Amino acid sequence: MHKSTLLPALNRSQRALGESYLKFQLAPNTPAVLRMEQVQEALVIPVQRLTPMPNMPPCVLGLLNRRSRVLWAVDLAQLLQLPPLETYQRYSVVIVHAGQTPLGLLVQEVKGVARFSTDCIQPLRSATAHLEMYSRGYISQPTEEILVLDAEPIIHSPLLSHA
25 MHKSTLLPAL
35 NRSQRALGES
45 YLKFQLAPNT
55 PAVLRMEQVQ
65 EALVIPVQRL
75 TPMPNMPPCV
85 LGLLNRRSRV
95 LWAVDLAQLL
105 QLPPLETYQR
115 YSVVIVHAGQ
125 TPLGLLVQEV
135 KGVARFSTDC
145 IQPLRSATAH
155 LEMYSRGYIS
165 QPTEEILVLD
175 AEPIIHSPLL
185 SHA
């Protein structure tokens with residue numbers, strides 16, 4: 025079989041498994057995912073790599089220099105009005121983008137990549153309007169419910185307009 029005929033079949037079988045999402049722990053009992061299309065990279069940085077900035081909203085922890093680009097680092101849980109991250113020696117950072125605008129989202133822990141069908145996403149049941157603004161819904165799994173976030177409204181959040 026010719027190599028070029030194998031590639032479309034491979035792409036179809038991957039699509040049948042669903043879209044790729046980066047899975048992370050947002051808060052102790054809150055797993056969440058972001059579409060991989062919106063994720064640039066995930067990394068762990070020492071707390072000293074963040075430069076605090078005065079007069080910023082509490083969720084903005086400072087600036088991060090990554091690959092000769094300076095971007096804002098935001099406590100995602102606090103932005104979503106969940107309990108803020110504990111101060112550790114290291115932070116897990118998910119760098120997301122909407123167009124050319126990058127943003128560093130600090131999360132409790134990056135878990136890896138998972139695939140879900142968009143048909144699995146259900147509307148939020150008892151969320152606040154604030155959380156609904158940043159979410160596409162949730163995915164119900166046998167052991168947990170996973171919050172499906174959307175990077176674009178997070179990056180353009182009115183809470184970050186001063187950043």
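Going by my numbering, the sequence shown opens with residue 25, and the numbers climb by one from there.
Note that the Cβ used here is the ideal one computed from N, Cα and C, for glycine as well.
Quick caveat: nothing in here was measured; it's all calculated off a predicted structure.
For residue i, does the three-state DSSP call read helix, strand or coil?
i	result
L155	helix
L171	strand
R139	strand
S44	strand
R91	coil
Q146	strand
Give me the residue from the options with the minimum Cα distance to residue i.
i	options	result
Y162	C144, I178, H154	C144
P177	V94, T111, G123, Q64	G123
M77	A66, W96, E65	W96
In whole angstroms, what is the alpha-carbon distance linking residue i and residue j?
i	j	result
I69	Y158	25 angstroms
S150	L106	14 angstroms
M80	L184	9 angstroms
With which residues is residue i paired in a DSSP beta bridge?
i	result
A101	None; A101 has no bridge partner.
E65	I119
L58	L46, L173
For the pair the stretch 130–143 and the stretch 112–122, tell me if three or more CB-CB distances fall below 8 angstroms.
Counting Cβ pairs under 8 angstroms, three or more are found: they touch.
With three or more C-beta pairs closer than 8 angstroms as the rule, is the stretch 41–53 touching the stretch 72–89?
Taking one beta carbon from each stretch, the stretch 72–89 and the stretch 41–53 have fewer than 3 pairs nearer than 8 angstroms; the two do not touch.
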